[in-house]
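Numbering (mature numbering (1 follows the signal peptide of the UniProt record, and there is no 0)), first residue to last: -18 to -1, 1 to 253.
Even glycine gets a Cβ: it sits at the ideal position worked out from N, Cα and C.
Small disclaimer: the values here were computed from a predicted structure and weren't measured.
Single-structure report; data block below.
And the structure:
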């Protein structure tokens, strides 16, 4: 009887170990395959270059094609963010009247198109094709995090088009988005270092008044860009047009290497 009980214990432990091992292997496999992906390419509408009118959106998004539940969650997150970007150019009343605008790119396009047609009724001679172009791709994939970039080009009338890019971090185990600030251990030190680098690349002395030099500040204080991302070399900081300087300056970006970020960021949470 003792031998029988002992055998059952060994059998149970063996099954438990096997199940845990398979679960662990599956997790590692999902993380490893998140580097494999394919392009989601879609678009709606068209621009008439001869008449200089029309409305269109075009989308090219890299998505993980393998990796189980995490890959599916990341793909859903990326599409949802793209829908939100298109909707940012539409009015809230039109979006509320068309629930599909919140759940599909086609629905978002339909609202965008309606807004364009309504605008043309009030200003039939206004030139220009309304368009939104989105491109998404990975910045870096580690065993812990998938870092992603979405480039957004848009023209909805006015003197010039606008461009904007955003960075996103996704947990490779769950697929959930993680704020970049999670990987920062000393935000005060990071802010000081970013301002120092900003002044260096803009050729400004440490004591120069940024607002007098034409830069935009929040409550007269320097600030981190809304978008920064972790790369193999260090952190890439990007100020979008109008964020800290005039449109003509375009994107202002720079990389701070990890060798200068010791004690400021949690590299062990990234790699």
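- Residue 67 counts as buried, since no fewer than 16 other beta carbons sit within 10 angstroms of its beta carbon.
- DSSP, reduced to helix, strand and coil, places residue 31 outside both helices and strands of the structure shown, so it counts as coil.
- Where residue 69 is concerned, the enclosing alpha helix (DSSP H) starts and stops at 50 to 69.
- Under DSSP, residue 117 shares a beta bridge with 42, 133.
- Taking a cut-off of 8 Å on C-beta distances, the stretch 142 to 154 touches the stretch 49 to 68, as three or more cross pairs fall below it.
- Using a C-beta cut-off of 8 Å, the stretch 159 to 170 makes no contact with the stretch 75 to 89, since fewer than three inter-stretch Cβ pairs fall below that distance.
- Between residue 244 and residue 167, the beta carbon gap of about 10 Å keeps them out of contact (Cβ cut-off 8 Å).
- In the three-state scheme derived from DSSP, where H, G and I count as helix and E and B as strand, residue 159 is classed as strand.
- Bridge pairing for residue 210: 219 [DSSP].
- Exposed is the label assigned to residue 86, since fewer than 16 other Cβ atoms lie within 10 Å of its Cβ.
- In this structure the stretch 140 to 150 does not touch the stretch 188 to 201; the number of beta carbon pairs closer than 8 Å is below three.
- Rounded to the nearest angstrom, the gap between the Cα atoms of residue 102 and residue 192 is 41 Å.
- Counting other Cβ atoms within 10 Å of its Cβ, residue 70 stays below 16 and is therefore classed as exposed.
- With contacts defined by Cβ atoms closer than 9 Å, residue 210 and residue 219 form a contacting pair.
- By the neighbour-count criterion, in which a residue is buried when 16 or more other Cβ atoms sit within 10 angstroms of its Cβ, residue 91 is buried.
- The beta carbons of residue 115 and residue 20 sit no closer together than 9 Å.
- Beta-bridge pairing by DSSP links residue 153 to 127.
- Residue 129 and residue 59 have their C-alpha atoms spaced approximately 13 Å apart.
- For residue 173, the closest alpha carbon among the candidates 183, 246, 138, 239 is that of 246.
- Distance between residue 112 and residue 96, taken at the CA atoms: about 11 Å.
- Going by C-alpha positions, residue 148 is about 32 Å away from residue 105.
- Shortest Cα-Cα distance from residue 100 to any of 72, 126, 121 involves 72.
- Residue 127 and residue 118 have their C-alpha atoms some 16 Å from each other.
- The Cβ neighbour count for residue 183, taken over all protein chains shown within 10 Å, is under 16; the residue is labelled exposed.
- Taken in chain order, the complete alpha helix (DSSP H) segments of 4 or more residues contained in the stretch 67 to 93 are 74 to 79.
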